[in-house]
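Okay, so here's the structure we're looking at.
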Amino acid sequence: MKGSELLTGLPGHPTHPPLTDAAIGLYSGATAFAVLSALGVSEENLAIAWWIALVAGLVVTGPTAVTGLLDWLKITRGTPLWRTTTLHLVAMVAATIVFVVAAIVGHGGYVDREVTTLGLLLTVAGFGLMSAGGWLGGTVVFVHGMRVLREQEKPTHEAVKPDSGRDGGDAPRAGLTRPGAAPDARDG
Ligand code: HEM
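Numbering (our numbering), first residue to last: 14 to 201.
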């Protein structure tokens, strides 16, 4: 295993996507708890759950952003992939800032067991930005094909194995990476 793979993951098994699942899950939970609490459903309990889920989402966002940033650094500047990924980065940083402000202004509500109007609005706004960023992240992977190996015929017992030695196998796609960048950035 190469040193950088400890953070960014192995070819075919990147670390950013599973971390995004955890972050998005926590922020989505926080948004649902905030809305339900504001509607009067288990108001006090869900106000506490809202703030804790928000803070847990922020904690998970740290490693999520670091792994995403390390992959982003390997992309050739000015390519369509770079533009889409940079838009994704901007949307996610904006969402994170809004969630940080929601957690700060919402702390009083957490103590009083009530989701404040500002806390609710900021949480919903953060969720909107995060959803836009998630759409762009999905575009990076499922349209541009970043870190996808496309080995449909590979036997399952080989596909599930961590195989840091391979370089993606199929032809490198032009414009995906800086010249000399790690081969796994091209295809896996
Ligand atoms: C500095 C911030 C970030 C950068 C530079 C960044 C970069 C990237 C890159 C390069 C990819 C392509 C796949 C990969 O490399 O593994 C990606 C995919 C994705 N990112 Fe990020 N990311 C950032 C933050 C986040 C955050 C905080 C979230 C979630 C809250 C997120 C959600 C996603 C999603 C959903 C995908 C598509 C992967 C999938 O659907 O499994 N990203 N991002």
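For each residue, glycine too, the CB sits at the ideal point set by N, CA and C.
Item: Boundaries (first-last residue) of the alpha helix (DSSP H) holding Asp-84; Value: 56-85
Item: Cross-strand partners of Leu-100 (DSSP beta bridge); Value: According to DSSP, which records beta bridges pairwise, Leu-100 is partnered with nothing at all.
Item: Residues bridged to His-26 (per DSSP); Value: Leu-23
Item: Helix, strand or coil at Val-106 according to DSSP, with G and I counted as helix; Value: helix
Item: Sequence-distant residues of its chain with Cβ nearer than 7 angstroms to Ala-43 (five each side left out); Value: Trp-63, Ala-66, Leu-67, Gly-70, Thr-136
Item: Selection from Ala-51, Lys-15, Ala-36 that minimises the alpha carbon distance to Leu-134; Value: Ala-51
Item: Whole-Å CB distance - Gly-118 paired with Thr-130, under 8 angstroms assumed; Value: Note on identity: in this sequence residue 118 is Val, with Gly being the wrong assignment. Not confirmed; about 10 angstroms, so no contact.
Item: His-120 Cβ short of 7 angstroms to the ligand HEM heavy atom set; Value: no
Item: Contact check, Thr-80 vs Thr-109, beta carbons under 8 angstroms; Value: no
Item: The ligand HEM heavy atom lying under 7 angstroms from the CB of Pro-24; Value: no
Item: Beta-carbon spacing of Gly-147, Ile-37 below 8 angstroms; Value: yes
Item: Exposure label - Met-143; buried when at least 16 CB within 10 Å; Value: buried
Item: Local conformation of Gly-178 per DSSP, three classes; Value: Here Gly-178 scores only 48 on pLDDT, less than 50, and its place in the model should not be relied on; the value that follows carries that caveat. It is coil, neither helix nor strand.
Item: Beta-carbon proximity list for Ala-195, same chain, < 8 angstroms, skipping 5 on both sides; Value: At Ala-195, the pLDDT of 41 sits below 50, so the modelled position is not reliable and the matter cannot be decided from this model.
Item: Distance, Phe-140 Cα to Tyr-40 Cα; Value: 7 angstroms
Item: Rounded separation between Arg-96 and Met-105 - CA only; Value: 14 angstroms
Item: Chain-order list of residues whose beta-carbon lies under 8 angstroms from that of Ala-78 (same chain, five-residue window excluded); Value: Met-105, Val-106, Thr-109
Item: Proximal residues to Thr-152 (C-beta, below 7 angstroms), its chain only, five neighbours per side dropped; Value: Thr-97
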